[in-house]
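J.:
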Amino acid sequence: MAFDYEQYLRPGKLPHIWCPGCGHGIVMKGLIRAMDTCGLEKNNTAIVSGIGCASRLPGYVDFNTLHTAHGRAAAFATGIKMAKPEMDVLVVGGDGDGVAIGGNHFIHACRRNIDMTYVLLNNYIYGMTGGQFSPCTPVGAKASTTPYGNPDPTFDIAKLAIGAGATFVARTTAFHATQIDKLIAAGLRHKGMAIIEVLDDCPTAYGRRNKFRSVIDMMKRLKEIAVPIKAAAHMTPEQLEGKVLTGILHQEERPEYCEQYQQVIASAQGD
Amino acid sequence: MAKKVALLQGNEACALGALYAGCSFFGGYPITPSTEVAEVMSKELPKTGGKFIQMEDEIAAMASILGASLTGAKVLTATSGPGISLKQELIGYACIAEIPCVIVNVMRGGPSTGMPTGPSQSDVMQAKWGTHGDHPAIALVPASCQEIFSETVRAFNLAEIYRMPVQILLDEINGHMRERIEFPEPGELEVIDRQQPTVSPADYKPFDDSQGDIPPLASFGSEYRYHVTGLNKAADGFPTAKPELVDAEERRQLRKIEANRADIEKNEEYLTDDAEFIVVAYGTISRSARYAVDVLRKEGIKAGLFRPITLWPFPEARMAELANQVKAIVVPEMNLGQMILEVERVTRRVCPVEGIGRVDGEPITPAQIVAKVKEVL
Ligand SMILES: Cc1ncc(C[n+]2csc(CCOP(=O)(O)OP(=O)(O)O)c2C)c(N)n1
Ligand code: SF4
Ligand SMILES: [Mg+2]
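Going line by line, the protein sequences match chains X and S.
When we follow this note's numbering, the leftmost residue of the first sequence carries the number 4, and every step to the right adds one.
When we follow this note's numbering, the leftmost residue of the second sequence carries the number 762, and every step to the right adds one.
1) What does residue 264 of chain X touch in chain S if you count any residue whose Cβ is under 9 angstroms from its own?
2) Run the CB neighbour count on residue 238 of chain X, radius 10 Å, all protein chains shown included, and call it buried at 16 or more, exposed below.
3) Note the first and the last residue of the continuous beta strand (DSSP E) segment covering residue 1049 of chain S.
4) Helix, strand or coil: which one does DSSP assign to residue 988 of chain S?
5) In this structure, does DSSP put residue 1085 of chain S in helix, strand or coil?
6) Compute the Euclidean distance between the alpha carbons of residue 888 of chain S and residue 793 of chain S, then round it to the nearest angstrom.
7) Compute the distance between the beta-carbons of residue 818 of chain S and residue 847 of chain S, then report whether it is under 8 angstroms.
8) Taking beta-carbon pairs under 8 angstroms, can you tell me which members of the region 248–272 of chain X lie near chain S?
9) Quick one: is residue 6 of chain X buried, meaning 16 or more other Cβ sit within 10 Å of its Cβ, or exposed?
10) Restricting to runs no shorter than 4 residues, where is the alpha helix (DSSP H) found entirely within the region 114–149 of chain X?
11) Report the CB separation of residue 146 of chain X from residue 135 of chain X in whole angstroms; it is logged as a contact under 8 angstroms.
12) Below 7 angstroms, is the gap between the Cβ of residue 57 of chain X and the nearest heavy atom of ligand 3?
13) Does any residue of chain X bring its CB to less than 8 angstroms from the CB of residue 982 of chain S?
14) Answer yes or no: does any C-beta atom of chain X fall closer than 8 angstroms to that of residue 987 of chain S?
15) Would you mind working out which of X:32, X:13, X:200, X:207 sits nearest residue 249 of chain X, comparing C-alpha positions?
16) Is it the case that the CB of residue 128 of chain X approaches a heavy atom of ligand 3 more closely than 7 angstroms?
17) Whose C-alpha, out of S:1106, S:1097, S:1108, is nearest the C-alpha of residue 1116 of chain S?
18) Any beta-carbon of chain X closer than 8 angstroms to the one on residue 964 of chain S?
19) Using the three-state DSSP reduction, which class does residue 180 of chain X fall into: helix, strand or coil?
20) Is it the case that the region 961–972 of chain S contacts the region 937–946 of chain S, given that we only count it when at least three CB pairs across the two stretches are under 8 angstroms?
21) Tell whether a beta-carbon distance below 8 angstroms holds between residue 218 of chain X and residue 24 of chain X.
22) So which of S:1080, S:1135, S:1099, S:827 has the shortest CA-CA distance to residue 1110 of chain S?
23) Give me, in chain order, the residues of the same chain whose beta-carbon lies closer than 8 angstroms to that of residue 83 of chain X; leave out the 5 immediate sequence neighbours on both sides.
24) Measure the alpha-carbon distance for residue 790 of chain S versus residue 74 of chain X and round it to whole angstroms.
25) Please state if the CB of residue 979 of chain S and the CB of residue 987 of chain S are separated by a distance shorter than 8 angstroms.
26) Compute the distance between the beta-carbons of residue 836 of chain S and residue 862 of chain S, then report whether it is under 8 angstroms.
27) Report yes if the C-beta distance between residue 137 of chain X and residue 106 of chain X is below 8 angstroms; otherwise report no.
28) Do residue 982 of chain S and ligand 4 come close, with the Cβ less than 7 angstroms from some heavy atom?
29) Kindly say whether residue 185 of chain X, judged by its beta-carbon, lies nearer than 8 angstroms to any beta-carbon of chain S.
30) Using 8 angstroms as the threshold, is the C-beta distance between residue 176 of chain X and residue 225 of chain X below it?
31) In the DSSP assignment, what residue or residues form a beta bridge with residue 1090 of chain S?
32) What would DSSP say about residue 1148 of chain S, mapped onto helix, strand or coil?
33) Answer yes or no: the CB of residue 850 of chain S versus the heavy atoms of ligand 1, is any distance below 7 angstroms?
34) Give me, in chain order, the residues of the same chain whose beta-carbon lies closer than 7 angstroms to that of residue 1112 of chain S; leave out the 5 immediate sequence neighbours on both sides.
35) Rounded to the nearest angstrom, how far is the Cβ of residue 1032 of chain S from that of residue 1058 of chain S, given a contact under 8 angstroms?
36) Per DSSP, residue 253 of chain X is paired with what?
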């Protein structure tokens, strides 16, 4: 039987704002399947986002949803989780939102290892504002503010998250649609900060400027650059040039922030 | 039974007032001269089962309290100078999304890093106009440590009643000054909790104004489920750009203040009945002003003090009335003329309005005020 997405979508809120061919819709479907797999209860779940095309996702799904300010989603989510640790808390948002303006909140949420699942939709461009370069835009690429090609080095979000202390870090692409829900589900089951980066595409603001003739061309590229982490172990650095690793890139056990704070409460109360 | 008493700093009194009001979440970032508020909260909140978090910056601190407030918690943050500048975007978020929260701003000299340990009253206009766009504002300016305690309780009440941010403006002097405080017994000061929705979850709309200008706010994690955004939105909380809905929403938010001035405004008057000259002063400087009034009265000059305790909304009606009665108004403040603009505006200059401004990190003295009144005599 086909999966019933409707049960999780808010009636009357579609059509969404995303352009035809935008990768964000694929990620939303994966997220919904993952939440279904994990049996997340609607009233007990909060989905928090910042600002951007990706950050409009929460408006479409039937949970407690909070569309905050540009870059601040992780900090709002931290307040929700701390105040009500029994809730399941997710963050969704774009690359600009998460690691440019929100970079500070991103790394500190990773460091605290607070129990949240952060799905970062990386289309390596500022889609909503018309295609200015982001910290994830490839060097040399054209954006509306890099008319001569992008001179800025690129963030590796997964490495950033691992370095900052996230205890679950995974990556996949919008082409690998069935892996999206598996990785998000694994992140939801993980106790601690889980970052799932999904590489997707913005045909409108990026593809058009960078000689992608169609959405299919962009999808083909996602397929070609992705290398499962296990396969990468048998590949030479030359073979890995220009590729991105996918799958669960890092997982470890470390005390979770809200649980640690319970010990603060116990000490304060003198138990 | 004798009341519990203590010798407390204003900042400490503020933190304890917050606990009295039922605050259960504090998100902060250290900055002089506000840090003691965070320090007391970090110690006392976990004793009550509440949560203290030191975030990575003031923006994050502000974000964390708004997230926590949406779960139903009463929330507080405290900052100063550069920190209050950083919070402005999310103060606007709290206004438009109508999320109750209390923000303590222990004012220090500026702009920029300015004078971290020097007192100031230079955020008067920022407290009203700091964030972009039209929005409601409530700001309280207590003068003594006892009043800081009780006004902090009132700040929480106003935030919860009107579903909006409320700012408490202290300054380096009354934030750090120590005074004897008598702790009110539980129940002695009114503590108001957030109104909960009574409609069924299916019918709940977080901005439905059909029952009044302040729709009840449900908590995340309860049986109610809803959407919150910083975009202009319709009654159901979802974005809209329909001109008539946007207009109605903005006007309703300002009406929360305008229609409830009697409840929100609070002033103290000292010897104003027969006054021919009045000093309008707030916070720490109102104490110099009161002393100055006594000195002037002894010399036979009919001086009085008008002290706003609620600074925003500004007590327009009473101020205008007093202006018609007196020969001149003197406005001392530790800035180069902020509240005086409001005094001039609402009194329509029916009498001379003279300011005393000071930004050198020293308080305005009674002698300065006495001299000014004599000058305008
Ligand atoms: C404080 C602030 N600065 C700038 C903006 C303008 N802005 C809106 S969305 C956006 C970029 C979004 O890019 P990304 O997060 O990658 O999401 P996408 O649209 O690509 O999905 C920017 C710069 C804003 N809303 N707020
Ligand atoms: S502009 Fe780009 S990111 Fe935004 S909806 Fe269109 S395709 Fe998607
Ligand atoms: Mg993007």
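Think of the CB as a built atom: it goes at the ideal place given N, C-alpha and C, for glycine as much as any other residue.
Note that the coordinates shown come from a computational prediction; the quantities given were computed from them, not determined experimentally.
T.: Answer, in terms of the structure:
1) 807, 812, 813, 814
2) exposed
3) No beta strand (DSSP E) contains residue 1049 of chain S, which is instead part of the alpha helix (DSSP H) from 1044–1059.
4) strand
5) helix
6) 18 angstroms
7) yes
8) 264, 267, 268, 270, 271, 272
9) exposed
10) none
11) 6 angstroms
12) yes
13) yes
14) yes
15) X:200
16) yes
17) S:1097
18) no
19) helix
20) no
21) yes
22) S:1080
23) 49, 51, 69, 90, 92
24) 18 angstroms
25) yes
26) yes
27) no
28) Looking for ligand 4 in the displayed structure turns up nothing; the ligands present are ligand 1, ligand 2 and ligand 3.
29) no
30) yes
31) S:1039, S:1114
32) Any property of residue 1148 of chain S remains undetermined from this structure, which presents chain S solely from 762 to 1138.
33) yes
34) 1084, 1087, 1088, 1089, 1090
35) 7 angstroms
36) X:172
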